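S.K.: Structure incoming, see below.
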């Protein structure tokens, strides 16, 4: 059986051949970092879906994500901007630097201390005028961004002390939203909806959960229940009365 290093070398050779200017694949040769963005996102979501629903597909989906890494690296090499060696060197160095409790003499007693050290090391390397929040990608799902912002600021002590404190803030924001709705000021309404969503994400984080994952689960539950409604009526749903739809929904809730 071939070893990982040999197989990885084969993958590098395959991608290099696909990007060969004279004999390569026309599709691969057309690709740039920007044109590949949708594929990277799609492959990442397919991996997440496999983790949640079809674990046997995880190796295949990891391979698709790895393909994106290698293809981007080959494009970098073709453009003389960076190589796969730069990518590997960078991640190796980062892991060693940010795990001094493994590769140096730092002592830690918990996973929380590891995260605190990680943040402290990143802070030391931060350039003057930059923010600890600059590393949170804006392209991430908004609920996940809210979660990460709360995590990062909490590491420097900027957080609510207790879950009950965040609950009070949620009630406050809900009151402000109600006032905005009564004012019929669309700009104010949208702002207050955003504030409420952000604080709800922090309440969820402070309670030990992840808003993105909880909403994903709620979406899945809704889909399953709605499909149950579709499958348990002889008439199209649009032909049913509100009472009939509600009865089907209650039946679905008791089943799914």
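Numbering (the working numbering), first residue to last: 21 to 276.
The beta-carbon is built from N, C-alpha and C at its ideal position, and this holds for glycine as well.
Since this is a predicted model, take the numbers as computed values, not measurements.
With residue 249 as the anchor, note down where its alpha helix (DSSP H) starts and where it stops.
M.R.: For the purposes of this step, residue 249 is identified with residue 229 of the chain shown, where counting begins at 1. Its alpha helix (DSSP H) spans residues 231-251.
S.K.: Quick one: what does DSSP say residue 92 is sitting in, helix, strand or coil?
M.R.: Walking along the chain shown from the start, residue 92 turns up at place 72. If DSSP states are grouped into helix, strand and coil, residue 92 belongs with the helices.
S.K.: In three-state DSSP terms, what is residue 79?
M.R.: The residue labelled residue 79 in the question sits at position 59 within the chain shown. Helix, per DSSP.
S.K.: Could you spell out the range, first to last residue, of the alpha helix (DSSP H) harbouring residue 167?
M.R.: Position 147 of the chain shown, counted from the start, is the residue given in the question as residue 167. Its alpha helix (DSSP H) spans residues 162-174.
S.K.: Give the secondary structure of residue 99 by DSSP, where H, G and I count as helix, E and B as strand, and everything else as coil.
M.R.: One-based indexing of the chain shown puts residue 99 at position 79. If DSSP states are grouped into helix, strand and coil, residue 99 belongs with coil.
S.K.: How would you call residue 170, buried or exposed, if buried means at least 16 neighbouring beta carbons within 10 angstroms?
M.R.: To locate residue 170, count along the chain shown from 1; it is residue 150. Answer is buried; the Cβ neighbour count reaches 16.
S.K.: Helix, strand or coil: which one does DSSP assign to residue 74?
M.R.: Residue mapping note: residue 74 aligns to position 54 of the chain shown, counting from 1. Residue 74 falls in the coil class under three-state DSSP.
S.K.: To the nearest angstrom, report how far apart residue 144 and residue 175 are at their CA atoms.
M.R.: The sequence position of residue 144 within the chain shown is 124, counting from 1. The sequence position of residue 175 within the chain shown is 155, counting from 1. Residue 144 and residue 175: Cα-Cα distance of roughly 15 angstroms.
S.K.: Once DSSP output is grouped into helix, strand and coil, what is the label at residue 53?
M.R.: Walking along the chain shown from the start, residue 53 turns up at place 33. In this structure, residue 53 counts as coil in the three-state DSSP scheme.
S.K.: Would you tell me roughly how many angstroms separate the C-alpha atoms of residue 63 and residue 85, rounded to the nearest one?
M.R.: Position 43 of the chain shown, counted from the start, is the residue given in the question as residue 63. Position 65 of the chain shown, counted from the start, is the residue given in the question as residue 85. Roughly 6 angstroms separates the two Cα atoms.
S.K.: Give the single residue among 151, 150, 172 whose Cα lies nearest to the Cα of residue 135.
M.R.: Position 115 of the chain shown, counted from the start, is the residue given in the question as residue 135. Among 151, 150, 172, the Cα nearest to that of residue 135 belongs to 172.
S.K.: Mind checking whether residue 282 and residue 249 have CB atoms under 8 angstroms apart?
M.R.: No answer is possible for residue 282: the residues shown for the chain start at 21 and end at 276.
S.K.: Within the continuous alpha helix (DSSP H) that includes residue 120, where are the two ends?
M.R.: Here residue 120 corresponds to residue number 100 of the chain shown, with the count starting at 1. Run containing residue 120: 120-123, per the alpha helix (DSSP H) assignment.
S.K.: According to DSSP, is residue 178 helix, strand or coil?
M.R.: The count along the chain shown starts at 1 and reaches residue 178 at position 158. It is coil, neither helix nor strand.
S.K.: Would you kindly report the start and end of the unbroken alpha helix (DSSP H) that includes residue 215?
M.R.: To locate residue 215, count along the chain shown from 1; it is residue 195. Note, residue 215: alpha helix (DSSP H), 206-226.
S.K.: How long is the line joining the alpha carbons of residue 102 and residue 119, rounded to whole angstroms?
M.R.: Start at 1 with the first residue of the chain shown, and residue 102 comes out as number 82. Start at 1 with the first residue of the chain shown, and residue 119 comes out as number 99. Spanning the two alpha carbons is a distance of roughly 25 angstroms.
S.K.: Quick check on this structure: which residue in 238, 89, 71, 269 has the alpha carbon closest to the alpha carbon of residue 251?
M.R.: Against the chain shown, residue 251 aligns to sequence position 231. Per the Cα distances, 269.
S.K.: Which one of 97, 138, 33, 99 has the shortest CA to CA distance from residue 116?
M.R.: Within the chain shown, the letter at position 96 stands for residue 116. Checking every option, the nearest Cα to that of residue 116 belongs to 138.
S.K.: Is residue 37 helix, strand or coil when you go by DSSP?
M.R.: Along the chain shown, one-based indexing puts residue 37 at 17. Helix.
S.K.: For the putative contact between residue 165 and residue 219, defined by C-beta atoms under 8 angstroms, what is the C-beta separation to the nearest angstrom?
M.R.: Along the chain shown, one-based indexing puts residue 165 at 145. Along the chain shown, one-based indexing puts residue 219 at 199. Not a contact, Cβ separation roughly 14 angstroms.
S.K.: For residue 32 and residue 111, which I take to be in contact (beta-carbon distance under 8 angstroms), what is that distance rounded to the nearest angstrom?
M.R.: Locating residue 32 in the chain shown gives position 12, counting from the first residue. Locating residue 111 in the chain shown gives position 91, counting from the first residue. So it is not a contact: roughly 16 angstroms between Cβ atoms.
S.K.: Let's see if you can read the secondary structure: which residues bound the alpha helix (DSSP H) around residue 266?
M.R.: For the purposes of this step, residue 266 is identified with residue 246 of the chain shown, where counting begins at 1. Looking at the DSSP string, the run of the alpha helix (DSSP H) that includes residue 266 is 262-275.
S.K.: Give me the Cα-Cα distance between residue 197 and residue 189, rounded to the nearest whole angstrom.
M.R.: In the chain shown, residue 197 corresponds to position 177, counting from 1. In the chain shown, residue 189 corresponds to position 169, counting from 1. When rounded, the distance between both Cα atoms is 12 angstroms.
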